[in-house]
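J.: Take a look at this one; I'll ask things after.
Protein chains: 2
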Amino acid sequence: MKTSKPARKANSPRAQGTPRPSNALLENYLLESAPAKALEAMKPHLQHVPLSLGHLIYAPMKPIREVFFPTAGLISVVATMKDGSTIEVGLVSKDGMAGVPLLLGVEFMRNEAMVQIAGSGYTLKAGIFTQILKQFPEYHQMLLRYVDSRMSQMAITAACNRLHHVEERLARWLLSVSDRVESDSFFLTQEFVATMLGVRRAGVTLAAGILQKAGLIDYRRGRMRIVDRERLEAAACECYEAGRADLLELYSAQGMAPSGGARSSRVKADAAGQAG
Amino acid sequence: MKTSKPARKANSPRAQGTPRPSNALLENYLLESAPAKALEAMKPHLQHVPLSLGHLIYAPMKPIREVFFPTAGLISVVATMKDGSTIEVGLVSKDGMAGVPLLLGVEFMRNEAMVQIAGSGYTLKAGIFTQILKQFPEYHQMLLRYVDSRMSQMAITAACNRLHHVEERLARWLLSVSDRVESDSFFLTQEFVATMLGVRRAGVTLAAGILQKAGLIDYRRGRMRIVDRERLEAAACECYEAGRADLLELYSAQGMAPSGGARSSRVKADAAGQAG
DNA sequence: TCGAGTCTGTACGCTCGCGAACTGAAAGAA
DNA sequence: TTCTTTCAGTTCGCGAGCGTACAGACTCGA
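Protein sequences, first through last, are from chains A and B. Quick note on numbering: the first sequence equals residues 1 to 276 in the numbering used here. Quick note on numbering: the second sequence equals residues 1 to 276 in the numbering used here.
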């Protein structure tokens, strides 16, 4: 159960420092791995903007005015019921983009999307983006693979939501977030987490308390820190590994060169091992 | 609460008899609404095959050899956990296709797919299908909208799985199935339903019992019948309406001309009414 | 330094759904 | 017919998570 290799530099926010080959400065994988010409065409229209905590990126059933390529922080796609209860159905970070429906020829969002961890990102006007897709079908094709990975994550989430317990789900979720923001500590209130997991705030307190007492995480007034990643992974449900494997899949298919928690080399082996 | 118009011919499996304009003989909306040339190119390679109950269409993590366009019956995409627990993450019928990843450039399924209600459908070899997509980008684009609708359904399901109770979910699910097979009665064991909803079999018995006593459904040894659709809709969670609105969305965008439960004209109004 | 606002810990009764049985009933085969 | 198999109904104790409420603790700004 214990991996011999140092799977991840613990506690070091933004551990990677090696610049990526070509378009590394952009700090968003979907932009970085764009064909050179497509990127060139986009560049003049890319606007780097801050993503501030809680900001509503998309309102449900409203047209998509622009797409977002985060470079830091985290965007959550959230489903809201009539009675106000909510739950997360998608997670977007520097390894992805918000505004996926545009890739499928649909011009509005069905769910709302909001900034969950502050950061920054590039925006691109919907019209221009659509143009780019037409102009560079290889890029469009690349991005469609990303859609598949999002679908896959959603399928896992759908199952996880039903079949697993709060504590495991919390562990899974924290790990996923950590992977995506490439840091072991980040700002999050329990209230917020509860919204994402679709449980009571008090439920999160309880679950987080257990994880904290066990020394897996450290939680203090909005600041969350993963202390023992190994054991937190053990505490998470299988969905974490499954999701991570999917991401890796995507990365290798796209020729991306990511670094960090979601990309430790043993994942692939694990996933393959349990496939049979 | 009661609609004046006869929203649906009750108890008559396959109630529609009016042939659809052009490619109506095909009985699958995604085929029927294909551009004429694309369809022509596909036709020689389409094989009409029976879909027999329980048949495994796709195994998880295996390459997609062929895509399926059902013409009757129902295919479920199911997520299975290590411990054997399962839950449905997608529903495919004559209004859709199985093998969506191919549309996104991914050549294997992440989840398994199986026949849940016997029927029939067309198969098309993956290689040929991929060719067609390249050759007819308009058709590919059309199908991508279908992907969006599947994603949307999945998002709803993910939320529903977490936030709603067995009884409402059962009602929703039965209605969805009924819409898709275009019949108010069909064969289903409680065991099977439990698998789809991700609950115990006994849980389904209980929920189904309540619905039956209330006179909404009629359930007898594998045969399921919707008795009072109106009230069953009222018993279902909001997710049913939401999903139905999405489907309608898709149909109108694609210029499809479907008939049956999912398409009663009042749906649009309802959906629009609650959008604000 | 104090107070307002925000976030977290905890408690209590309750409901839903679980796991694990066992019984009964229907359908199909011999 | 009788036997076997499959499906449905029901029970029981149990645990997870809910809704609600309140108290404590931290933070920030006045």
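Glycine is no exception: its CB is placed at the ideal position from the N, C-alpha and C atoms. A quick note: this is a predicted structure, and the numbers were derived from the prediction, not measured.
Within the same chain, show all residues whose beta-carbon is closer than 8 Å to that of A269 of chain B, passing over the 5 residues directly before and after it, in chain order.
T.: Bear in mind that a pLDDT of 33 at A269 of chain B, under 50, signals an unreliable position, so the number given afterwards is only what the model happens to contain. Taken in chain order, the list of residues that qualify is empty.
J.: Nearest CA to the CA of L56 of chain B: which residue from B:I117, B:E168 and B:A194?
T.: Per the Cα distances, B:I117.
J.: Measure from the alpha carbon of K277 of chain B to the alpha carbon of each residue in B:E230, B:F69 and B:R65, then state which is nearest.
T.: Residue 277 of chain B is absent from the structure shown; chain B starts at 1 and stops at 276.
J.: Which class does F129 of chain A belong to by DSSP, given the choice of helix, strand or coil?
T.: If DSSP states are grouped into helix, strand and coil, F129 of chain A belongs with the helices.
J.: Which first and last residues belong to the alpha helix (DSSP H) in which H140 of chain B is found?
T.: P137 to L163 is the span of the alpha helix (DSSP H), which, as asked, contains H140 of chain B.
J.: Using a Cβ-Cβ cutoff of less than 7 Å, which residues in the same chain neighbour G210 of chain A once the five nearest sequence positions on both sides are dropped?
T.: Note that residue 210 of chain A is Ile in the sequence shown here, rather than Gly. Cβ within range, chain order: E167.
J.: Check distances from the C-beta atoms of the region 188-209 of chain A to those of chain B and list, in chain order, the residues that come in under 9 Å.
T.: Within the region 188-209 of chain A, the residues whose Cβ lies closer than 9 Å to some Cβ of chain B are L197, G198 and V199, listed in chain order.
J.: Do D95 of chain A and Y29 of chain A come within 8 Å of each other at the CB atom, strictly closer than that value?
T.: In this structure, D95 of chain A lies closer than 8 Å to Y29 of chain A by Cβ.
J.: The alpha helix (DSSP H) spanning T205 of chain B covers which residue range?
T.: R201 to K213 is the extent of the alpha helix (DSSP H) around T205 of chain B.
J.: Just confirm the distance between the C-beta atoms of A126 of chain A and L102 of chain A, as a whole number of angstroms; I'd bet it's less than 8 Å.
T.: Yes, they are in contact, since the Cβ atoms of A126 of chain A and L102 of chain A sit about 6 Å apart, within 8 Å.
J.: Using a beta-carbon distance cut-off of less than 8 Å, what residues from the region 153-165 of chain B approach chain A?
T.: So the list reads M154, A155, I156, T157, A158, A159, N161, R162 and L163, given in the order they occur along the chain.
J.: Pull the bridge partners of H45 of chain B from the DSSP assignment, please.
T.: H45 of chain B pairs with nothing; no bridge assigned.
J.: Quick one: what's got a C-beta closer than 6 Å to H164 of chain B's C-beta in the same chain, skipping five residues either side?
T.: Contacts found: C237.
J.: Buried or exposed: where does D184 of chain A fall if 16 or more other Cβ atoms within 10 Å of its Cβ makes it buried?
T.: Label assigned to D184 of chain A: buried.
J.: Just mark E191 of chain B as buried or exposed, buried being the case when its beta carbon has 16 or more other beta carbons within 10 Å.
T.: E191 of chain B comes out exposed.
J.: Counting only C-beta atoms, is S252 of chain B closer than 8 Å to chain A at any point?
T.: Output row for S252 of chain B: interface = no.
J.: Could you tell me if S22 of chain A is buried or exposed, where buried requires 16 or more neighbouring beta carbons within 10 angstroms of its beta carbon?
T.: Model confidence at S22 of chain A stands at a pLDDT of 48, short of 50, so the residue's coordinates are unreliable and nothing is read from them.
J.: Does the beta carbon of R14 of chain A sit closer than 8 Å to a beta carbon anywhere in chain B?
T.: In this prediction, R14 of chain A has a pLDDT of 33, which is less than 50 and means its spatial position is unreliable; nothing more can be read from the coordinates.
J.: Taking all protein chains shown into account, decide if G119 of chain B is buried (16 or more other Cβ within 10 angstroms of its Cβ) or exposed.
T.: So G119 of chain B ends up on the buried side.
J.: Under 8 Å, with one C-beta from each stretch per pair, do the region 149-158 of chain A and the region 84-91 of chain A reach the 3-pair mark?
T.: Judged by Cβ distances under 8 Å, the region 149-158 of chain A makes contact with the region 84-91 of chain A, as three or more pairs qualify.
J.: With a 10 Å radius around its C-beta and 16 neighbouring C-beta atoms as the bar for buried, classify F136 of chain A as buried or exposed.
T.: Counting Cβ neighbours within 10 Å, F136 of chain A comes out buried, since at least 16 surround it.
J.: DSSP on R229 of chain B, reduced to helix/strand/coil?
T.: In this structure, R229 of chain B counts as helix in the three-state DSSP scheme.
J.: N161 of chain A: which of A:V177, A:F129, A:M196 and A:L175 sits nearest, CA to CA?
T.: Of the candidates A:V177, A:F129, A:M196 and A:L175, the one whose C-alpha sits nearest the C-alpha of N161 of chain A is A:M196.
J.: Exposed or buried, what is T18 of chain B when buried is set at 16 or more other beta-carbons lying within 10 Å of its beta-carbon?
T.: With a pLDDT of 37 at T18 of chain B, under the threshold of 50, the predicted position of this residue should be treated as unreliable, though the coordinate-derived value follows. Classification of T18 of chain B: exposed, given that the 10 Å Cβ count is below 16.
J.: If we define contact as Cβ-Cβ less than 8 Å, is L144 of chain A a contact residue for chain B?
T.: Answer yes: the Cβ-Cβ gap between L144 of chain A and chain B drops below 8 Å somewhere.
J.: Excluding five sequence neighbours on each side, which residues of the same chain lie with their C-beta closer than 6 Å to the C-beta of T86 of chain A?
T.: Once the five neighbours on either side are set aside, the close Cβ partners of T86 of chain A are V78, T80 and T195.
J.: DSSP puts R220 of chain B in a beta bridge; with which residues?
T.: Bridge partners of R220 of chain B: B:R223.
J.: For E238 of chain B, decide whether its Cβ has a neighbour in chain A, counting only Cβ atoms nearer than 8 Å.
T.: Chain A contact via Cβ: present.
J.: Is V77 of chain B near the ligand MN, in the sense that its beta carbon is under 7 Å from a heavy atom of that ligand?
T.: Because no ligand of any kind appears in the structure shown, any question about the ligand MN cannot be addressed here.
J.: On a Cα-Cα basis, can you pick out the residue from B:M61, B:V115 and B:T130 that is closest to A38 of chain B?
T.: Considering only alpha carbons, the answer is B:T130.
J.: Put S33 of chain A into one of helix, strand or coil per three-state DSSP.
T.: S33 of chain A: coil per DSSP, three-state reduction.
J.: Alpha carbons only, please: which of A:A72, A:C239, A:R221 and A:Y146 is nearest the one belonging to S252 of chain A?
T.: Among A:A72, A:C239, A:R221 and A:Y146, the Cα nearest to that of S252 of chain A belongs to A:Y146.
J.: Can you pull the chain A residues whose beta carbon is under 8 Å from the beta carbon of I87 of chain B, in chain order?
T.: What I87 of chain B touches in chain A: A158, A159, R162 and L163.
J.: Taking a contact to mean a Cβ-Cβ separation below 8 Å, would you say I132 of chain B touches A36 of chain B in this structure?
T.: Against a cut-off of 8 Å, the Cβ pair of A36 of chain B and I132 of chain B comes out as no contact.
J.: Distance cutoff 8 Å, beta carbons only. Does I135 of chain A sit that close to anything in chain B?
T.: For clarity, residue 135 of chain A is Gln in the given sequence; the question names Ile instead. False, the Cβ-Cβ gap to chain B never drops below 8 Å.
J.: Counting only C-beta atoms, is G127 of chain B closer than 8 Å to chain A at any point?
T.: Taking Cβ atoms only, chain A never reaches closer than 8 Å to G127 of chain B, which makes this a no.
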